[in-house]
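Under the numbering used here, the first residue of the sequence shown is numbered 6, with each subsequent residue one higher. So the structure is just underneath, and the comments pick up after that.
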Amino acid sequence: MTAQFSNFIAGESVRAARMLPNINPSNTHDVIGEFASGSAADVNNAVAAAKAAFPAWSRSNPQERHDILKRASDEVMARKDELGRILSREEGKTLAEGIGEATRAGQILAFFAGEALRLNGEVVNSIRPGVGIEVTREALGVIGMITPWNFPIAIPAWKLAPALAYGNTVVIKPAELVPHSAWALCDILHRAGLPRGVLNLVMGKGSVVGQAIIDHGDVLAISFTGSVGTGRRIAASCVASTPMKKVQLEMGGKNPLVVLDDADLRIAVECAANGAFFSTGQRCTASSRLIVTEGIHDRFVAALTERMQALVVDDALKAGTHIGPVVDAKQLEVDEGYIALGRSEGAKLHWGGERLNRENPGFYLQPALFTECTNQMRLSREEVFGPVASVIRVKDYEEALAVANDTDFGLSSGICTTSLKHATHYRRNSEAGMVMVNLPTAGVDYHVPFGGRKGSSYGPREQGAYAREFYTTVKTAYTFAG
Ligand code: UN1
Numbered sequence: 006m007t008a009q010f011s012n013f014i015a016g017e018s019v020r021a022a023r024m025l026p027n028i029n030p031s032n033t034h035d036v037i038g039e040f041a042s043g044s045a046a047d048v049n050n051a052v053a054a055a056k057a058a059f060p061a062w063s064r065s066n067p068q069e070r071h072d073i074l075k076r077a078s079d080e081v082m083a084r085k086d087e088l089g090r091i092l093s094r095e096e097g098k099t100l101a102e103g104i105g106e107a108t109r110a111g112q113i114l115a116f117f118a119g120e121a122l123r124l125n126g127e128v129v130n131s132i133r134p135g136v137g138i139e140v141t142r143e144a145l146g147v148i149g150m151i152t153p154w155n156f157p158i159a160i161p162a163w164k165l166a167p168a169l170a171y172g173n174t175v176v177i178k179p180a181e182l183v184p185h186s187a188w189a190l191c192d193i194l195h196r197a198g199l200p201r202g203v204l205n206l207v208m209g210k211g212s213v214v215g216q217a218i219i220d221h222g223d224v225l226a227i228s229f230t231g232s233v234g235t236g237r238r239i240a241a242s243c244v245a246s247t248p249m250k251k252v253q254l255e256m257g258g259k260n261p262l263v264v265l266d267d268a269d270l271r272i273a274v275e276c277a278a279n280g281a282f283f284s285t286g287q288r289c290t291a292s293s294r295l296i297v298t299e300g301i302h303d304r305f306v307a308a309l310t311e312r313m314q315a316l317v318v319d320d321a322l323k324a325g326t327h328i329g330p331v332v333d334a335k336q337l338e339v340d341e342g343y344i345a346l347g348r349s350e351g352a353k354l355h356w357g358g359e360r361l362n363r364e365n366p367g368f369y370l371q372p373a374l375f376t377e378c379t380n381q382m383r384l385s386r387e388e389v390f391g392p393v394a395s396v397i398r399v400k401d402y403e404e405a406l407a408v409a410n411d412t413d414f415g416l417s418s419g420i421c422t423t424s425l426k427h428a429t430h431y432r433r434n435s436e437a438g439m440v441m442v443n444l445p446t447a448g449v450d451y452h453v454p455f456g457g458r459k460g461s462s463y464g465p466r467e468q469g470a471y472a473r474e475f476y477t478t479v480k481t482a483y484t485f486a487g
C-alpha cells in the first residue's frame, strides 16, 4: 500500500479529504506516497491554531526556542543521508546535492537557534531631558509561507527557522511536487518540542491552500519563493488586504556570468557548468547568460562543450549521476519550448538539448548550450528554470557589464577574471543582490543575506542575521522616569 502523509494542524496529524500522489521524476513508476491536498477549511483551522499559540510562543524563553531549533538541527544532521534521499527521490537533484541541501537545512536550524539568543535592541538618548528610548524587536504574529519545489528542505528551513526563533507562529504550504521533505522537516521540528499550533503544515495546491493563506485576515505576513507572476499577485493582495500584510518575495533570475579574456579558463568552465547545469539548472541563481569577451570566446565554448559531454544525466539516486531529471512533464515542456524558441530566434544550439531515455521512464534532458545569442532574444531575457544557457559574445569588459545589467532581474551575478581592477569594478557596478568573483552564481552560504534587486526580490532579505528584518517588527519605546 502507498504511504499516506497527512497535514499537521494544531499539533495533530489531520487527514485531508483529498490526496495527491508524489511521483519520482527519475522513475515515474515510483510513487513515493500520497500526500494531503488541503482545503480552505484546513487553512482556517491552521491559522486559528497558530493565532492561539502566538501569545505564549512570542513570550517564551529564548533558551526554549534555542533548544528546540538545536534539537531539530541535530536530528536533521544525524539523518542527512536519509533526508537527502527523500529529497532527491521527489525533486530529482542528485543524491550528493540532496544530502548537501539537507545538511544546509541542519546548519540553518543551528544558526537560528543561536539567533533566538542573540536578538537584541538599542538604547538611545532622547533629545528631551529625562527621557530614555528603547528600540526593540517583537515577533509579528502568524506568518504564512509558500515554498517552491526546487529546494524542498532548505527553503522551508530558511523561512521556518528565523520565524520560529524570533517568536512567530506559522502556516506553511510546500510545493505540491515535493511535500515529503517539508513534511519530514515539520515532523522533526514538532518532535523537537514545539508547542501545539506554533507550526502548522497544510499541503496541497497553490490555487486552494496558497490562496487561502494569502486571503486570511489573521495572517500578518507572507514569505514566498517562486515565480515573478505569482509574487506580483501575492504582493498586490497583501497590500489590498485588511490589515495589510508584510511581504517578502524571492522570485526569478536571469543571472549573468561574465568571462573575460584574462580568466582562468578552467575556473570559468567550472563556474559555468556548475552554475548553469547542476541541479538541472533549476535554481533561481542559475547562470543562464554566459557573457564572454571575444578573445576567449571560442576557447571557452570548446572547453565548456567538452565539460558538458562528460556530464552524466541519469537517475538522481544512481551513483555517478551528475545531472538528475527535470522535475516534471510540465517543466520539461517549458524547457523544450525555450530550446525551440531559441532556435527560432536565430540562436545556434551548439550542443545538447535532446531528450534522453534511461533505464526507467523519467524527464531526462541533456543540458543545452546556445551560442550566437543576443541579449535581446527572449531566450536571454526570460527565466527558463532548466539546464539551458545562452552564450553572448561581447567586445570588452565595458560591454560585458552593460549586457550583464541589461535585464529585468537582479539576483546573482558573476565574473571570471584575474584582473583585480575588473573584479572590483564589477562588484561595485553589478546591479544584483549577490556578486560572485571566480565562483558560480548559484550555491550560497547560509549565514549571510540572500536576495536580489529589480524583478528578483521584493521586501527584506532572507538568511543570516538580516532575516530579522522581515521576521520581527520594530518598537520604539519612550520613557520619562521623572
Ligand atoms: C543557491 O543557489 O544556493 O530558488 C540557493 C532558488 C533560490 C535558492 C538558491 N531561492 O533557486
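For each residue, glycine too, the CB sits at the ideal point set by N, CA and C.
C-beta atoms of residue i and residue j nearer than 7 Å
i	j	result
Tyr-476	Pro-167	yes
Val-297	Pro-30	no
Ser-42	Ala-57	no
Leu-374	Ala-394	yes
Gly-4	Thr-290	In the structure as shown, the chain starts at 6 and stops at 487, and residue 4 therefore has no counterpart that could be examined.
Gly-280	Pro-445	yes
Ile-151	Gly-198	no
Glu-106	Ile-158	yes
Gly-16	Arg-196	no
Val-252	Ile-227	yes
Ser-78	Gly-111	yes
Glu-143	Thr-478	yes
Thr-422	Leu-265	yes
Ser-186	Leu-92	yes
Gly-103	Pro-153	no
Ser-461	Phe-414	yes
Val-207	Ala-409	no
Glu-39	Pro-60	no
Assigned secondary structure, residue i (DSSP; H/G/I helix, E/B strand, else coil)
i	result
Val-440	strand
Asn-155	coil
Ile-28	strand
Ala-486	coil
Met-249	coil
Lys-210	coil
Ser-293	strand
Gly-234	helix
Gly-342	helix
Ile-132	coil
Phe-368	coil
Thr-412	coil
Glu-359	coil
Cys-378	coil
Ser-11	coil
Expected contact under 8 Å - CB spacing of residue i and residue j to nearest Å
i	j	result
Asp-223	Val-147	6 Å
Pro-261	Phe-10	Incorrect: roughly 40 Å between the Cβ atoms, too far for contact.
Asn-155	Gln-287	5 Å
Trp-163	Gln-468	5 Å
Reference residue i; option with closest CA among the options
i	options	result
Ile-344	Gly-448, Gly-97, Glu-359 and Glu-127	Glu-359
Glu-388	Leu-361, Asp-411, Val-233 and Leu-406	Val-233
Ala-491	Lys-98, Leu-122, His-302 and Met-6	Limits of the chain in this structure are 6 at one end and 487 at the other, which puts residue 491 out of reach.
Met-24	Asn-32, Asn-12 and Asp-35	Asn-12
Ser-548	Ala-308, Lys-459 and Thr-376	The first residue shown for the chain is 6 and the last is 487, placing residue 548 beyond what the model contains.
Phe-368	Trp-356, Glu-350, Val-339 and Gln-381	Val-339
Leu-322	Thr-99, Glu-404, Pro-134 and Tyr-171	Thr-99
Ser-242	Lys-259, Asp-269 and Ala-217	Ala-217
Pro-366	His-34, Ser-18 and Glu-350	His-34
Gly-236	Thr-7, Glu-474, Tyr-463 and Ala-486	Tyr-463
Val-213	Leu-295, Ala-482, His-327 and Ser-44	Ser-44
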